[in-house]
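A.B. asks: Sequences listed follow chains A and B, in order.
So that you can map any letter, position 345 of the first sequence is 345 in the working numbering, and since no number is skipped, the others follow by simple counting.
Every number in the working numbering is 379 more than the matching position in the second sequence, counting from 1.
We treat Cβ as the ideally placed atom computed from N, Cα and C, and that holds for glycine.
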Amino acid sequence: MKQQAFATQSITESIVAFAQFVRSHGLNVGIQETQDALLAADTGIMSNRDQMRFALKSLFCQSPEERLVFEKLFVLFWDTNPTDLETRKNQTNIQGRVEQKTNPSLVMMGFGKTQDSEEEAKNMSGANATERLKQTDLSKLSEMEADWLETIAAKLFKEMALRLRRRMKNHQHKGLIHLRSTIRRNLSKGGEPIELMRRAQKPSKQRLIVLLDISGSMDKYSFLLLRFICTLRDYFRQLEAFVFSTHLVRVSKALKLTRIDDALALISEHAHHWSSGTKIGDCLDQFTAKYGKQLLNGSPTIIILSDGLDTGAPGLVEEQLRFMRHRSKRIVWLNPLKGMQGYAPEARGMKEAMPHLDTFSSAHSLQSLLELENILANA
Amino acid sequence: MQALQNPSELIAFLDEHKYVADEELVTALFLLLKLNKPLLLEGPPGVGKTEIALVLAQWLDAPLIRLQCYEGLDVNAAVYEWNYQKQLLGIRLQEGSGMSLHEKEHHIFSDEYLLKRPLLQAITQPFQSPVLLIDELDRSDEEFEAFLLELLSAFQISIPEIGTIKAMHKPYVVLTSNRTRELSDALKRRCLYHWVDYPDLEKEMTIVKKRLPDIENELLQQVVHAVQHFRKRKLVKIPGISETIDWAQALMTLGFRSLDSEAMELTLGSILKSVEDIRQVKEDGVEAFV
Chain A
1 MKQQAFATQS ITESIVAFAQ FVRSHGLNVG IQETQDALLA ADTGIMSNRD QMRFALKSLF
61 CQSPEERLVF EKLFVLFWDT NPTDLETRKN QTNIQGRVEQ KTNPSLVMMG FGKTQDSEEE
121 AKNMSGANAT ERLKQTDLSK LSEMEADWLE TIAAKLFKEM ALRLRRRMKN HQHKGLIHLR
181 STIRRNLSKG GEPIELMRRA QKPSKQRLIV LLDISGSMDK YSFLLLRFIC TLRDYFRQLE
241 AFVFSTHLVR VSKALKLTRI DDALALISEH AHHWSSGTKI GDCLDQFTAK YGKQLLNGSP
301 TIIILSDGLD TGAPGLVEEQ LRFMRHRSKR IVWLNPLKGM QGYAPEARGM KEAMPHLDTF
361 SSAHSLQSLL ELENILANA
Chain B
380 MQALQNPSEL IAFLDEHKYV ADEELVTALF LLLKLNKPLL LEGPPGVGKT EIALVLAQWL
440 DAPLIRLQCY EGLDVNAAVY EWNYQKQLLG IRLQEGSGMS LHEKEHHIFS DEYLLKRPLL
500 QAITQPFQSP VLLIDELDRS DEEFEAFLLE LLSAFQISIP EIGTIKAMHK PYVVLTSNRT
560 RELSDALKRR CLYHWVDYPD LEKEMTIVKK RLPDIENELL QQVVHAVQHF RKRKLVKIPG
620 ISETIDWAQA LMTLGFRSLD SEAMELTLGS ILKSVEDIRQ VKEDGVEAFV
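#1: Which residues in chain B have a C-beta closer than 9 angstroms to the C-beta of A:N28? List them in chain order.
#2: If you check the beta carbons only, do B:L389 and A:D36 fall under 7 angstroms apart?
#3: Does the beta-carbon of B:Y459 have 16 or more other beta-carbons within 10 angstroms, so that it is buried, or is it exposed?
#4: Below 8 angstroms, how does it come out for the region 337 to 345 of chain A and the region 359 to 379 of chain A: are there three or more Cβ pairs, yes or no?
#5: Show which residues of chain E have a CB atom less than 9 angstroms away from the CB atom of B:L472.
#6: Answer yes if the region 422 to 442 of chain B comes into contact with the region 459 to 475 of chain B, meaning at least three C-beta pairs across the two stretches below 8 angstroms, and no otherwise.
#7: Helix, strand or coil for B:L412, going by three-state DSSP, please let me know.
#8: Going straight from the alpha carbon of B:L598 to that of B:G619, what length do you get?
#9: When DSSP labels each residue in this structure, what does A:N374 get in the three-state scheme?
#10: What is the DSSP secondary structure of A:S10, counted as helix, strand or coil?
#11: Secondary structure at A:R330, three-state DSSP: helix, strand or coil?
#12: Excluding the 5 residues preceding and the 5 following A:S306 in the sequence, name in chain order all residues of the same chain whose CB lies nearer than 6 angstroms to its CB.
#13: By Cβ distance, which residues of its chain are closer than 6 angstroms to B:L443, with the 5 residues on each side in sequence left out?
#14: Need the endpoints of the alpha helix (DSSP H) that B:Q500 sits in, please.
#15: Please state the DSSP three-state secondary structure of B:E450.
#16: Is there contact between the region 313 to 325 of chain A and the region 278 to 287 of chain A, where contact requires at least three CB pairs shorter than 8 angstroms?
#17: Comparing the C-beta of B:Y572 with each C-beta of chain A, is any distance below 7 angstroms?
#18: Note down the Cα distance separating A:N123 from A:E65, rounded to an integer number of angstroms.
#19: Output the boundary residues of the beta strand (DSSP E) element that contains A:I302.
#20: In or out: A:S58 buried (at least 16 other Cβ within 10 Å) or exposed?
#21: Against chain B, does A:T43 count as a neighbour if the rule is that its beta carbon must be under 7 angstroms from one of theirs?
#22: So for A:G342, helix, strand or coil by DSSP?
#23: Please confirm whether A:S105 has its beta-carbon closer than 7 angstroms to some beta-carbon of chain B.
#24: Compare the C-beta of B:K483 with all C-beta atoms of chain A and state if any pair is closer than 7 angstroms.
#25: According to DSSP, A:I177 sits in a beta bridge with which residue or residues?
#26: Going by DSSP, what residue range makes up the beta strand (DSSP E) through B:P537?
#27: Does A:F244 come within less than 7 angstroms of chain B when only Cβ atoms are used?
#28: Could you please tell me which residues of the region 523 to 538 of chain B, in chain order, have their CB closer than 9 angstroms to any CB of chain A?
#29: Could I get the ranges of all uninterrupted alpha helix (DSSP H) runs contained in the region 606 to 647 of chain B, with 4 residues as the minimum, in chain order?
#30: Can you name the residues of chain B whose CB is closer than 7 angstroms to the CB of A:A55?
#31: Let's see if you can read the secondary structure: which residues bound the beta strand (DSSP E) around A:I45?
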């Protein structure tokens, strides 16, 4: 594969070589695009350097991130001086071949890894690091990664909410024709069914109750999980959220704030017991006693986010969950510890809860939270 | 449309029509016209994506057909629908006309009873290629996107009762997206791609000046500076260029000749469109932005 423009004989060959070059660096360029590039060259705009760059850019790139990459590749391909590279030519080819197999990256001959390219990697959708970070245990993040993760999480959660909403829409059928009211309505038109009346769509009852454990043992997770709950708010028309450790606090109102940071600030203001001990059973008891009548009807889905390390009275967790199960559609328990190797639900609280759960899954990484989408889609 | 030789010719025209374009965008438009490929414009809201299609239609002197996408947009609203009521009346009128069943059926499923929605309109233009604007495509469902694929590559639409309708004049297609979700690769591959970003200080001043020629220099500078400042902050809704123009206009209408804190207090609503943002800016003190 030709790595530089000077190695080619004609403009046609250069463009084809350039298409191959950018393809080997991860841009989604196929035969169609190459053909279009040649057609574009035919219109005569290739005589102007900038116009040629812009033209190829609009043909070869499909996202703002790719456009950044393209700029560098363009310079690399068209602007390198043959005399500078003559000696290193062979070396280049080998390097090129190796890189073809690995993931696209921009660290190439003579171009050291600049701060810019780091930034890029961050933005690159589907970049390696993003994937890795998605699977990293939240408790093992460095501070810098945590910031970054938050950005990714915000984006992914938003996409998830959007997908969920769309999926719900697709399930609804267009209202069926309501025969009686159609006939009645069209009596004045001689009984001819001119206006079709349709059955109203059933209001969808999507109700979700989320209980988040904010005790000390959950510290590393609770902030991101709270953000996750904020996302769910966009999707479920009725979302009730509670945080608990030794007491239960209802935070549904705070979540209604548009700005997520405000919501988080308000919640931490109200929850004085952040990072204290855990009494899961007592809190569930408070929940059923205080809000049970009001919320546990119409089969809501209940999500409990907790590590199950209970210090309250034995037996209470089981009793409460049994009660809740009869009044809900399903109970989902997300446990961050489940992500650890060799974890078994041995903790007393968790053990008591197990028989009453419909779904028990992990919540230790971004990936595992995103997987919840499938569970919720059927809620 | 004059015969277009070079992208630079377009710049001058766009400039006349109060659209400030850079060479990159113009090159993309040039390719759109020459290669007849759809152009996908992505970018934050309010940077003039839709406007490009409007100006393009003016340049070509072609009709503009616009399809606004939304969640749940279906084929009925986007392509065609049979005029049910008219068909019913048609059947009544045919009674006793002695037409055969076949003729009757043919009649009520003819062109006369077809309601053409934007996409069908776009490929049945008799005289020249129209500009088809598919706005905010990211809001529509994935099914609709898949449907568009057929249209964008073959420029034909199948209607079971009539058959396949092929475009007489291929429309120039402009798609816009705010990138609230990623569009499918298949769709992107059929399009030219251009990312429209917020303009820098200088460009934005040129744009506002272009739209509001009477604006005084001092006010112009202050307004654009403030807006550029707003964009750097963490706001719920980041103001676009159209908001900048609205704001400048509001200030001019109220007779302010420069941007002071009083003017700011009174008109903040035309630039910031969320209570939280306004509160945040007010808390920080409007003086910081003047």
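C.D. replies: With the given structure in hand:
#1: Indexing the first sequence from 1 puts residue 28 of chain A at position 28. Chain B residues near A:N28: D564, K567 and R568.
#2: Translated into positions along the second sequence, residue 389 of chain B becomes position 10. Translated into positions along the first sequence, residue 36 of chain A becomes position 36. Not a contact, by the Cβ cut-off of 7 angstroms.
#3: One-based indexing of the second sequence puts residue 459 of chain B at position 80. B:Y459 should be labelled buried.
#4: yes
#5: Of the chains in the structure shown, none is chain E; the protein chains are A and B.
#6: Segments in contact, no.
#7: As a working note, residue 412 of chain B is residue 33 in the second sequence. It is helical.
#8: The residue you call residue 598 of chain B lines up with position 219 of the second sequence. The residue you call residue 619 of chain B lines up with position 240 of the second sequence. Near 18 angstroms, if we compare the C-alpha coordinates of B:G619 and B:L598.
#9: Sequence index remark: in the first sequence, residue 374 of chain A carries index 374 (1-based). If DSSP states are grouped into helix, strand and coil, A:N374 belongs with the helices.
#10: For the purposes of this step, residue 10 of chain A is taken as residue 10 along the first sequence, with counting starting at 1. Secondary structure at A:S10: coil, using DSSP grouped into helix, strand and coil.
#11: In the first sequence, counting from the first residue as 1, residue 330 of chain A sits at position 330. Reduced to three states, the DSSP call for A:R330 is strand.
#12: Here residue 306 of chain A refers to the residue found at position 306 when the first sequence is read from its first residue. Correct list, in chain order: D213.
#13: As a working note, residue 443 of chain B is residue 64 in the second sequence. Taking B:L443 as the centre and dropping the five residues before and after it, the same chain places the C-beta of A436 and V510 closer than 6 angstroms to its C-beta, in chain order.
#14: Counting from one through the second sequence, the residue named residue 500 of chain B turns up at place 121. Per DSSP, B:Q500 belongs to the alpha helix (DSSP H) from P497 to I502.
#15: For the purposes of this step, residue 450 of chain B is taken as the residue at position 71 of the second sequence. In the structure shown, B:E450 sits in coil (DSSP, three-state: anything other than H, G, I, E or B).
#16: yes
#17: What you label residue 572 of chain B is simply residue 193 of the second sequence in a count that begins at 1. For B:Y572, the answer is yes, since a Cβ of chain A falls inside 7 angstroms of its Cβ.
#18: Residue numbering aside, residue 123 of chain A sits at position 123 when the first sequence is read from its first letter. Residue numbering aside, residue 65 of chain A sits at position 65 when the first sequence is read from its first letter. Low confidence applies here, because A:N123 scores a pLDDT of 43, under 50, leaving its location unreliable; read the following figure in that light. Going by the C-alpha atoms only, they are around 6 angstroms apart.
#19: The residue given as residue 302 of chain A occupies position 302 in the first sequence. Its beta strand (DSSP E) spans residues T301 to L305.
#20: For the purposes of this step, residue 58 of chain A is identified with residue 58 of the first sequence, where counting begins at 1. Buried.
#21: In the first sequence, residue 43 of chain A corresponds to position 43, counting from 1. Yes, because at least one Cβ of chain B sits closer than 7 angstroms to the Cβ of A:T43.
#22: On the first sequence, residue 342 of chain A is found 342 positions in, with the first residue counted as 1. DSSP places A:G342 in coil when its eight states are reduced to three.
#23: Residue numbering aside, residue 105 of chain A sits at position 105 when the first sequence is read from its first letter. Low local confidence applies: a pLDDT of 42 at A:S105 is under 50, so the model's placement there is unreliable, with the coordinate-based value given in what follows. Closer than 7 angstroms: no.
#24: On the second sequence, position 104 is the one that residue 483 of chain B refers to. Not one chain A Cβ lies under 7 angstroms of B:K483.
#25: Here residue 177 of chain A refers to the residue found at position 177 of the first sequence. Answer is A:R198, bridged to A:I177.
#26: Walking along the second sequence from the start, residue 537 of chain B turns up at place 158. Note on identity: in this sequence residue 537 of chain B is Ser, with Pro being the wrong assignment. Q535 to I538 is the extent of the beta strand (DSSP E) around B:S537.
#27: The sequence position of residue 244 of chain A within the first sequence is 244, counting from 1. So no, A:F244 is outside the interface.
#28: none
#29: 620 to 632 and 640 to 646
#30: What you label residue 55 of chain A is simply residue 55 of the first sequence in a count that begins at 1. Against chain B, a Cβ distance below 7 angstroms from A:A55 picks out T406 and L410.
#31: Here residue 45 of chain A refers to the residue found at position 45 when the first sequence is read from its first residue. No beta strand (DSSP E) holds A:I45; DSSP gives it neither H nor E.
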